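Here's the structure we're looking at; comments come further down.
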Ligand SMILES: CC(C)(COP(=O)(O)OP(=O)(O)OC[C@H]1O[C@@H](n2cnc3c(N)ncnc32)[C@H](O)[C@@H]1OP(=O)(O)O)[C@@H](O)C(=O)NCCC(=O)NCCS
């Protein structure tokens, strides 16, 4: 390529060069990368705040104890001992997650490892030289064998990423795009915590907090295991889901608590940031509906209250306890509709309280679509074709296009 950098010490190799390696960054290299990609992923945080959040995210459930891995593409001839300023040609992260899978003839669900990939990044001065492409070409097979010691030496089942650059780029590298539809509920301007009976706790709605989260996750996983087996049988396809387990949900919640604690510092809501509800639950035992959610604040000048239109409450996971029964009957029962509507109204009220202008629910099932239509809640449908496109690389024998990704909801994202 002939171009040089760092006082002509480093000559940039071709992206096809045999000397390029996928490896792990030093602490200095991580910091250099975060400093550069703050513009992409810092959201509402300043650079200094972002430089605290990224290391913090290696200490929370799911990503701590080696659950998260930082990757870089660099040249094997460049040593870190030489002042430690070797060029980082491309970078990304992965987080290992539990994955549940069943094939059409299975009677029990198998468990394995899946890796979520995030923050794919090329330093601005190195863009267009195919370095990200080379890194991804190395990463796909590397993840198949990564951290297999935590699961009896078995290969990973899949890896997934959420593309912000459309459907084509990652598909060419082997991560196939999956459905990216969401329902978007706008938060009514006139809704206040006091003018809506159901959202006021009078509609049999209970809060989800850190206290009951673990048991709800366990119950969800049990229901999901049955759903995966059903899906495999009914579709005749291998069906897979990321486990919506306690660690996975807490990863999202700890992340959002960290951000909210900064954004609401010195405001009247400061005291409520950590104790605010993480979801809502309605209905009677065995016929419950619950949602878990997180607050997301986008960049821009000013406080959260100045960016309401862009700020979003994401439903991480929506559970209909008797979903099989509702699926069979084709039309959701009245008690489930009432519970669903009460849960979503609570989400809308929370969104209003926390300066979030909309509530997004990813890839609702046919039952949930029907509930949305019948709930009377104001909503629209968004079929994303650029941002957060769920994309999967499959490590089994099947063609990835033949895989059913069950509950492809926001909790899977990283
Ligand atoms: C996207 C990014 C990682 C690509 O890095 P790179 O090293 O220049 O990528 P490569 O040279 O391997 O590939 C270039 C390809 O990426 C495509 N690309 C780059 N940015 C793109 C974008 N915003 N939207 C769609 N395609 C994009 C180019 O069009 C080109 O496509 P081609 O292969 O069909 O020619 C880099 O531009 C970057 O860091 N962007 C900012 C962060 C980001 O958006 N990351 C992706 C998050 S999912």
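Numbering (my numbering), first residue to last: 315 to 728. Beta carbons are placed, not taken as given, at the ideal position from N, Cα and C, and that holds for glycine. Treat the numbers as computed from the prediction; the structure is a model and nothing was measured.
- For residue 521, the pairing in a beta bridge is given by DSSP as 594.
- About 6 angstroms separates the beta carbon of residue 661 from that of residue 627, a gap short enough to meet the 8 angstroms contact definition.
- Listed as beta-bridge partners of residue 337 by DSSP are 386.
- Checking the 7 angstroms criterion, the Cβ of residue 478 is within range of a heavy atom belonging to ligand 1.
- Along the length of the stretch 548-612, whole beta strand (DSSP E) runs at least 3 residues long occupy 553-556, 593-598 and 601-610, reported in chain order.
- Under DSSP, residue 411 shares a beta bridge with 428.
- Counting of Cβ neighbours within 10 angstroms places residue 361 among the exposed residues, the total staying below 16.
- The closest CA to that of residue 439, considering only 473, 351 and 419, is found on 351.
- Put simply, the backbone Cα of residue 393 is about 12 angstroms away from that of residue 402.
- Straight-line spacing of the CA atoms in residue 459 and residue 451 works out to 14 angstroms.
- In the DSSP annotation of this structure, residue 662 is not part of any beta strand (DSSP E); the continuous alpha helix (DSSP H) holding it starts and ends at 648-667.
- With a threshold of 16 other beta carbon atoms within 10 Å, residue 525 falls short and is exposed.
- Not one heavy atom of ligand 1 lies closer than 7 angstroms to the C-beta of residue 548.
- With distances taken between CA atoms, residue 484 lies nearest to 699 out of 699, 722 and 711.
- The stretch 570-590 and the stretch 631-643 do not touch, with fewer than 3 CB-CB distances between them shorter than 8 angstroms.
- Taking non-hydrogen atoms of ligand 1 into account, the C-beta of residue 572 is found less than 7 angstroms away from none of them.
- Below 8 angstroms, enough C-beta pairs join the stretch 707-727 and the stretch 671-678 to call them touching: three or more.
- Residue 501 sits away from residue 685, with the two beta carbons spaced by 8 angstroms or more.
- Its Cα nearest to that of residue 625, the residue 665 stands out among 388, 328 and 665.
- For residue 408, same chain residues with a beta-carbon under 8 angstroms away, outside a window of 5 residues either side, are 382, 383, 385, 429, 430, 431, 432, 453, 457, 460 and 473 in chain order.
- According to the DSSP assignment, residue 696 belongs to no alpha helix (DSSP H) but to the beta strand (DSSP E) extending over 693-697.
- In this structure, the straight-line span from the alpha carbon of residue 446 to that of residue 539 is close to 36 angstroms.
- Per DSSP, residue 473 is one residue of the beta strand (DSSP E) stretching across 472-477.
- A distance below 8 angstroms separates the beta carbons of residue 527 and residue 592.
- Within a 10 Å sphere around the beta-carbon of residue 441 sit fewer than 16 other beta-carbons, which makes this residue exposed.
- Partner residues in the beta bridge of residue 673, as assigned by DSSP, are 499 and 627.
- Residue 435 has its CB nearer than 7 angstroms to a heavy atom of ligand 1.
- Residue 357 sits close to residue 613, with the two beta carbons spaced by under 8 angstroms.
- Counting along the chain, residue 686 sits inside the alpha helix (DSSP H) bounded by residues 680-689.
- Between ligand 1 and residue 442, a heavy atom-to-CB distance of less than 7 angstroms is present.
- With contacts defined as CB atoms closer than 8 angstroms, residue 557 and residue 366 fail to qualify as a contacting pair.
- The Cβ-Cβ distance between residue 706 and residue 489 falls below 8 angstroms.
- For residue 704, the uninterrupted beta strand (DSSP E) segment begins and ends at 703-708.
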